[in-house]
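The structure under discussion appears below in the form of structure tokens.
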């Protein structure tokens, strides 16, 4: 009795998986035919046209969609670009530390963040252990 129900359940799962696959295949075919349906030669041309029509640009890799708009709405400021820390930057930090500058002054001078200055100082062994 229970085994019969388990067999029925297994059959139903197989049928469900088959239906899901057929729906996914149909959807992919429909999506693939959209550019030709609207007179475009390729999918990239179609996407460019959709983006132009909606005023949206294609999302870049590694970024959240809408992050730039959210940042502009929040304070009207753009997000800072990530600073590239080079050997020259590390040498300048060491030189400024030796001359007695504070971390905040070094950060402002080199246009990097205070945590970056602290990380460089730590890597160079310029901070005291607690």
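Residue numbers (the numbering used here): 11 to 140. Using N, Cα and C, we set each Cβ at its ideal position, and we do this for glycine too. These numbers were taken from a predicted model, which means no experiment stands behind them.
Tell me which residues share the same chain as residue i and place their Cβ nearer than 8 Å to its Cβ, disregarding the 5 neighbours each side in the sequence.
{"i": "residue 145", "result": "There is no way to answer for residue 145, as the model of the chain reaches only from 11 to 140."}
Rounded to whole angstroms, what's the CA-CA distance from residue i to residue j? Just pull it up for me.
{"i": "residue 47", "j": "residue 89", "result": "40 Å"}
{"i": "residue 138", "j": "residue 132", "result": "9 Å"}
{"i": "residue 19", "j": "residue 30", "result": "16 Å"}
{"i": "residue 21", "j": "residue 129", "result": "59 Å"}
{"i": "residue 57", "j": "residue 123", "result": "38 Å"}
{"i": "residue 24", "j": "residue 38", "result": "21 Å"}
{"i": "residue 17", "j": "residue 28", "result": "17 Å"}
The alpha helix (DSSP H) that contains residue i, what's its start and end?
{"i": "residue 43", "result": "12 to 47"}
{"i": "residue 93", "result": "Note, residue 93: premise wrong, no alpha helix (DSSP H); not H, not E."}
{"i": "residue 116", "result": "113 to 120"}
{"i": "residue 57", "result": "53 to 64"}
{"i": "residue 126", "result": "124 to 134"}
{"i": "residue 103", "result": "97 to 108"}
Once the 5 residues before and after residue i are set aside, which same chain residues still bring their CB inside 7 Å of it?
{"i": "residue 106", "result": "116, 119"}
{"i": "residue 127", "result": "103, 113, 116, 117"}
{"i": "residue 50", "result": "56, 59"}
Leaving out five residues on either side along the sequence, give the residues of the same chain with a beta carbon under 6 Å from the beta carbon of residue i.
{"i": "residue 53", "result": "45"}
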